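According to UniProt numbering, numbering within the sequence shown proceeds without interruption in unit steps and concludes at 291.
Using N, Cα and C, we set each Cβ at its ideal position, and we do this for glycine too.
Being a predicted model, the structure only gives us computed values, none of them experimental.
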Amino acid sequence: MTTWAIGDLQGCYDPLQRLLERINFDTARDRLWFCGDLVNRGGQSLETLRLVHSLRAQSVVVLGNHDLSLLAIGERRPEEQRKVNADLQRVLFADDARDLLDWLRMQPLVHADRELGWMMVHAGLAPKWTTQLAQKHAGEVEQKLRGNDFRKLLKNMYGDRPAWSPRLTGMERDRAIINVFTRLRYCSPRGRIAFEEKGAPGTQQPGLYPWYEVPGRAQRDLKIVCGHWSTLGLFIGHGVHAIDTGAVWGGKLTALQLDTDELRLLQVPGRDVPVSPPNARPPYHKDDART
Numbered sequence: 001m002t003t004w005a006i007g008d009l010q011g012c013y014d015p016l017q018r019l020l021e022r023i024n025f026d027t028a029r030d031r032l033w034f035c036g037d038l039v040n041r042g043g044q045s046l047e048t049l050r051l052v053h054s055l056r057a058q059s060v061v062v063l064g065n066h067d068l069s070l071l072a073i074g075e076r077r078p079e080e081q082r083k084v085n086a087d088l089q090r091v092l093f094a095d096d097a098r099d100l101l102d103w104l105r106m107q108p109l110v111h112a113d114r115e116l117g118w119m120m121v122h123a124g125l126a127p128k129w130t131t132q133l134a135q136k137h138a139g140e141v142e143q144k145l146r147g148n149d150f151r152k153l154l155k156n157m158y159g160d161r162p163a164w165s166p167r168l169t170g171m172e173r174d175r176a177i178i179n180v181f182t183r184l185r186y187c188s189p190r191g192r193i194a195f196e197e198k199g200a201p202g203t204q205q206p207g208l209y210p211w212y213e214v215p216g217r218a219q220r221d222l223k224i225v226c227g228h229w230s231t232l233g234l235f236i237g238h239g240v241h242a243i244d245t246g247a248v249w250g251g252k253l254t255a256l257q258l259d260t261d262e263l264r265l266l267q268v269p270g271r272d273v274p275v276s277p278p279n280a281r282p283p284y285h286k287d288d289a290r291t
């Protein structure tokens with residue numbers, strides 16, 4: 001059995017098909033880990049969601065910010081749903097929309113396989129979170145998302161505040177946890193997220209660090225694979241493998257093999273007609289001497 005992690009799809013169905021062919025994916029023996037953001041922007045979100053749903057017995061998905069946004073929009077009135085982009089509307093008004101959204105809502109914020117030695121999250125972890133704490137905090141939100149009051153959670157999850165603190169309670173705590181798992185790129189040493197900073201490392205304001213480089217961060221006992229940060233490009237360092245290589249922006253769609261000690265990456269071209277990226281993507285980054 002081979003286990004592959006795949007970067008952000010964002011509705012890029014054709015590149016996903018190419019990548020599955022490239023890795024010789026076999027439903028009888030292989031497993032897939034999807035790093036979140038299955039939908040939005042790529043023009044084929046419905047097809048992408050249906051394909052990943054069809055592979056649910058062979059795959060694990062963690063929720064990204066675009067996935068959570070789709071779930072929230074899915075609970076609004078039809079007249080409000082018609083205000084979103086056409087790509088998402090095709091999902092929302094599909095005959096199987098309820099089945100797809102109900103399945104998506106049951107997916108976790110974090111996935112760990114301690115035997116394999118990996119943890120998957122969409123964006124990142126707060127500086128002081130161990131992998132055990134990450135699973136604990138993810139479980140708090142997952143329980144509510146899968147429960148009867150999920151609509152309340154989806155309605156109130158938006159917002160940049162408060163910053164994460166273990167003393168938070170209620171909806172503020174849920175929002176802070178969601179923001180860490182699905183929106184984090186840069187933060188201060190105390191863990192305050194800089195939501196406005198979306199460029200490559202070196203472009204951020206003084207005093208901010210990529211989440212995986214924050215001084216005094218917790219030691220983690222699993223390697224981490226994540227997506228979300230297309231302007232970072234392919235990054236490997238500090239025990240982190242960031243594999244959102246901007247498929248929706250005309251970059252690549254990346255698969256990383258997890259069940260090997262060797263670094264094995266396979267890529268295919270991304271979206272054929274790319275949308276305009278928010279920032280130019282940097283080249284591959286490699287962590288050399290830093291710990």
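*asked:* Do S59 and L32 count as a contact pair if the criterion is CB distance below 8 Å?
replied: The residue given as residue 32 occupies position 32 in the sequence shown. The residue given as residue 59 occupies position 59 in the sequence shown. Yes, Cβ-Cβ distance for L32 and S59 is below 8 Å.
_CB of E197 within 8 Å of CB of L208, strictly_ = Here the question's residue 197 lines up with position 197 in the sequence shown. Here the question's residue 208 lines up with position 208 in the sequence shown. Yes; because the gap between Cβ atoms is below 8 Å, this pair is in contact.
_Going by DSSP in three states, M157 sits in which element: helix, strand or coil?_
Taking the first residue of the sequence shown as position 1, residue 157 is located at position 157. If DSSP states are grouped into helix, strand and coil, M157 belongs with coil.
*Answer yes or no: do A255 and G191 have a C-beta to C-beta separation smaller than 8 Å?*
Here residue 255 corresponds to residue number 255 of the sequence shown, with the count starting at 1. Here residue 191 corresponds to residue number 191 of the sequence shown, with the count starting at 1. Their beta carbons are not under 8 Å apart, which means A255 does not touch G191 by this criterion.
*Under the rule that 16 or more other beta-carbon atoms within 10 Å means buried, what is N40, buried or exposed?*
Indexing the sequence shown from 1 puts residue 40 at position 40. Buried, by the Cβ-count rule.
*Where does L234 fall in DSSP's three states?*
As a working note, residue 234 is residue 234 in the sequence shown. Here L234 sits in coil by DSSP.
*Assigned secondary structure, R151 (DSSP; H/G/I helix, E/B strand, else coil)*: To locate residue 151, count along the sequence shown from 1; it is residue 151. Of the three classes helix, strand and coil, the one that applies to R151 here is helix, per DSSP.
*According to DSSP, is L258 helix, strand or coil?*
In the sequence shown, residue 258 corresponds to position 258, counting from 1. The answer is coil: DSSP assigns L258 none of H, G, I, E or B.
*In whole angstroms, what separates the C-alpha of D160 from that of V180?*
Within the sequence shown, the letter at position 160 stands for residue 160. Within the sequence shown, the letter at position 180 stands for residue 180. Those two C-alpha atoms are separated by around 10 Å.
*With a threshold of 7 Å, establish whether the CB of L116 neighbours any heavy atom of the ligand NAD.*
The model on display carries no ligand, and the ligand NAD is accordingly not part of it.
*Should the region 75 to 85 be regarded as contacting the region 183 to 190, the criterion being three or more beta carbon pairs within less than 8 Å?*
No, they do not touch.
*Compare the Cα-Cα distances from D95 to each of R50, N85 and F235 and report the closest residue.*
What you label residue 95 is simply residue 95 of the sequence shown in a count that begins at 1. The candidate whose alpha carbon is nearest that of D95 is R50.
*Along the chain, where does the beta strand (DSSP E) that runs through G206 open and close?*
Your numbering for residue 206 matches position 206 in the sequence shown. The identity of residue 206 in the sequence shown is Pro, whereas the question assumes Gly. No beta strand (DSSP E) holds P206; DSSP gives it neither H nor E.
*Within 10 angstroms of the Cβ of D158, are there 16 or more other Cβ atoms? Answer buried if so, exposed if not.*
Within the sequence shown, the letter at position 158 stands for residue 158. Rather than Asp, the amino acid found at residue 158 in this sequence is Tyr. By the Cβ-count criterion, Y158 is exposed, with fewer than 16 other Cβ atoms from all chains shown falling within 10 Å of its own Cβ.
*Which first and last residues belong to the alpha helix (DSSP H) in which V141 is found?*
For the purposes of this step, residue 141 is identified with residue 141 of the sequence shown, where counting begins at 1. Residues T131 to L145.
*Boundaries of the alpha helix (DSSP H) in which S69 is found, first to last residue*: Translated into positions along the sequence shown, residue 69 becomes position 69. Element bounds for S69: N65 to I73.
*What are the start and end residues of each continuous alpha helix (DSSP H) run of 4 or more residues lying completely inside the UniProt domain "Calcineurin-like phosphoesterase" (1 to 125), in chain order?*
13 to 22, 45 to 54, 65 to 73, 78 to 81, 86 to 92 and 97 to 105
*Under a Cβ-count criterion, where at least 16 other Cβ atoms within 10 Å of its own Cβ denotes burial, should K155 be classed as buried or exposed?*
Counted from its first residue, the sequence shown places residue 155 at position 155. Exposed is the call here.
_Helix, strand or coil at V214 [DSSP, three-state]_ = The sequence position of residue 214 within the sequence shown is 214, counting from 1. Coil, per DSSP.
*Taking just the CA atoms, how far does T245 sit from R105?*
Taking the first residue of the sequence shown as position 1, residue 105 is located at position 105. Taking the first residue of the sequence shown as position 1, residue 245 is located at position 245. Answer to the nearest angstrom: the Cα atoms are 25 Å apart.
*asked:* If you follow the alpha helix (DSSP H) that A176 is in, where does it begin and where does it stop?
replied: Taking the first residue of the sequence shown as 1, we reach residue 176 at position 176. Its alpha helix (DSSP H) spans residues G170 to R183.
_Where A242 sits in the DSSP three-state scheme_ = Taking the first residue of the sequence shown as 1, we reach residue 242 at position 242. DSSP places A242 in strand when its eight states are reduced to three.
*Does the separation of the CB atoms of S45 and G74 fall below 8 Å?*
To locate residue 45, count along the sequence shown from 1; it is residue 45. To locate residue 74, count along the sequence shown from 1; it is residue 74. Cβ atoms of S45 and G74: not closer than 8 Å.
*Please work out which residues of its chain come closer than 7 Å, Cβ to Cβ, to I23, disregarding the five sequence neighbours upstream and downstream, and give them in chain order.*
For the purposes of this step, residue 23 is taken as the residue at position 23 of the sequence shown. Excluding sequence neighbours, I23 sits near W4, A255 and L266.
_Classification of N65 by the beta-carbon crowding that lies within 10 angstroms, buried from 16 upward_ = By 1-based counting over the sequence shown, the position of residue 65 is 65. Flag for N65 reads buried.
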